[in-house]
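Data block below; observations after.
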Amino acid sequence: MSSSFWGCGMGSPSNSLRSGLLLLTVAALGIGALADRTAAPAPGPGLSAVAVLVAMTLGLWASGLISEALTTLVFFAGALLFRLATPEAVFAGLGSSAFWLVFSGLIIGAAIRATGLSGRIAAGLAPLLARSQAHALAGAACFGVFLAFLMPSAMGRVVLIIPLLQDLGERLGLEEGSPSRRGILVGGILGTALPSTAILPSNIPNNVLAAIYEGLFHRQMSYSDYLWQHFPVLGLVKALLLIALLRRFYRDAAPWRGLSAPGRMGPWSQAERRLSLWLGGAILLWLTDSLHHLSPAWVGLGVAIACLLPGIGVLPGDTLQRINLEPLLYVSGVVGLGAVISASGLGQQMALWLESGLPMAPAGGFGNFLALCGVSTLLGLLTTLPGVPAVLTPLTERFAAMSGLPASLVVATQVVGFSTLLLPYQAPPLVAALQLTSLSRREMAKILLALAGLSILVLWPIDYLWLSAVNG
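Residue 13 is where the sequence shown starts when you use the working numbering, and the numbers rise one by one after that.
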């Protein structure tokens, strides 16, 4: 087993240990105390214990004291040995679409690279982005946003875009690990993961919100209305902020060389043709999922199986033996943690505590809007993003009465909140991206925190004005 299973290699062991233990202690004590404060007068004995386990797990993931996979195993064992949750909740991630999309992504990504298909697509994109580093960074982010309109699954988009971006970096003559090459990878991943919160079917939290909203209020969320309300600010302006940050964080002292190889490619191989056919069918099924209701995960699994089958497959027979299981463990842990938080009632208790401490003005207004956006953002640190609408949507009318804001604006604050990521573990697609690339958790967290800060200072006020205008 690789040494990365035991630790992340961040800094010196003593410094990492010290900072990790400090973070764990503060997080565990803080969340445990909040759980006690918010629980009912005679709470079940497990709520505080669940809070401590959740805090420990999140602290280990955030600090990197041990690897994400080992942390997941600790979470599994702690929840089951101390009977804090049922096996169905703890292992919910193993049956989740996120788990099987990551598994499929490992296979599909290997197939795209092995057949040379990613290089062929990159050869077509490279001339459009070769003029300068700024063009390449902006183009990668815009390509990610474009894919968000084509494919409804953020995890599926991440799976497809990573090998394309990696080959694009090679085609542009960028050295492995160079700022420009890493910036292209980060730009494409965040470009397809973040602005898609403003496109209704293109991210899991959006779909959870729409489903619960329809069940509670007996009204469907319209694709066009949702897009009109959220994409101009949370999609378009956020993409522009992302591009600006990419240029700031990934400045490269090396001279820009443009294309390193001619764009002409040889004839298509049989393996490329077969894989293109399978991927084309998968994209068609992903585009029409509202008609056939097949999960993107099962579509991806079918493509992965086709890539592995003897005779028609495009990968060697020992591919499964060479798969790294750590990404799958991590994703299953993230999903399982959300399920345990939901089943225990801890998420709702945290939301109610946050509500009790909100500085609400009875007449509504911008301050109340900011407070509710803050609740959604902070709750995402605990429940991860898919859990935010599951916890907050049933509280819509309560928050509306307390804040003096219309219910439609209260619902919109959820979108503002879960579009403001603080750390990578909050979003399963970013968890998968870190496992499928050499990008570090610290690097991704750095740009996410910077983008979150800009979003709070710039996007939230603009979004309040925009939402107030479009909602009358």
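The beta carbon of each residue, even a glycine, is placed where N, CA and C say it ideally should be.
Contact check for Leu141 against Gly357 fails: the beta carbons are separated by 8 Å or more. Between Ala148 and Ser190, the C-beta spacing is not below 8 Å.
Counting along the chain, Leu228 sits inside the alpha helix (DSSP H) bounded by residues Ile216 to Phe229. DSSP, reduced to helix, strand and coil, places Gly323 outside both helices and strands of the structure shown, so it counts as coil. In its chain, beyond the 5 residues on either side, Asp179 have a beta carbon closer than 6 Å to the beta carbon of Gly131.
By the C-beta criterion, the stretch 281 to 301 is judged not to be in contact with the stretch 220 to 228, since fewer than 3 inter-stretch pairs fall below 8 Å. Listed in chain order, the non-local C-beta contacts of Leu384 below 7 Å within the same chain comprise Phe411, Ser415, Val422 and Thr425, local neighbours out to five positions each way being set aside. For the options Gly325, Val427, Arg334 and Ala126, the alpha carbon positioned closest to that of Tyr476 is the one of Val427. Within the stretch 329 to 390, the complete alpha helix (DSSP H) runs of at least 4 residues fall at 338 to 356 and 358 to 368. Apart from the 5 residues on each side of it in sequence, Ala146 sits with its Cβ closer than 8 Å to the Cβ of Arg259 in its chain, given in chain order. With 16 or more other Cβ atoms from the protein chains shown falling within 10 Å of its own Cβ, Thr432 counts as buried.
Taking Gly247 as reference, the option from His230, Ala205 and Ala283 with the minimal CA-CA separation is Ala205.
Under the three-pair Cβ rule at 8 Å, the stretch 341 to 360 counts as touching the stretch 80 to 90.
Comparing alpha carbon positions, the residue from Pro374, Ile459 and Gln360 closest to Pro418 is Pro374.
Here Thr331 really is in contact with Ala122; their C-beta atoms are around 6 Å apart, less than 8 Å.
In this structure, the alpha-carbon of Ser307 lies about 7 Å from that of Ser109.
Between Leu382 and Trp280, the C-beta gap is not smaller than 8 Å, which leaves the two residues out of contact. One alpha carbon belongs to Leu466, the other to Pro244, and they sit about 16 Å apart. Residue state for Ile78 is assigned as coil, using DSSP reduced to three classes.
DSSP, reduced to helix, strand and coil, places Phe103 outside both helices and strands of the structure shown, so it counts as coil. Per the coordinates, the alpha-carbon of Ile173 lies some 7 Å from the alpha-carbon of Gly200. Per DSSP, the continuous alpha helix (DSSP H) segment holding Met456 begins and ends at Arg453 to Leu466.
By the beta-carbon neighbour count (other beta carbons within 10 angstroms, threshold 16), Lys250 is buried. Counting along the chain, no alpha helix (DSSP H) covers Pro244, and no H or E run does either. Phe155 counts as buried, since no fewer than 16 other beta carbons sit within 10 angstroms of its beta carbon. Selection Ala160, Trp268, Ile255 and Leu113 evaluated against Pro339 yields Leu113 as nearest (Cα-Cα). In the three-state reduction of the DSSP assignment, Ser109 falls in the helix class, which pools H, G and I. Per the coordinates, the alpha-carbon of Gly71 lies some 24 Å from the alpha-carbon of Ile216.
Take the alpha-carbon of Arg263 and the one of Pro139: they are about 21 Å apart. Each of Ser214, His242 and Val403 was checked against the Cα of Met163, and the nearest Cα belongs to Ser214.
For Tyr437, the three-state secondary structure derived from DSSP is helix. When DSSP states are grouped into helix, strand and coil, Ala265 belongs to the coil group. Your pair Gly105 and Val311 does not check out as a contact, with CB atoms roughly 19 Å apart and the cut at 8 Å.
A straight-line Cα-Cα distance of about 11 Å links Gly136 and Leu176.
When secondary structure is reduced to three states using DSSP, Ser116 falls in the helix class.
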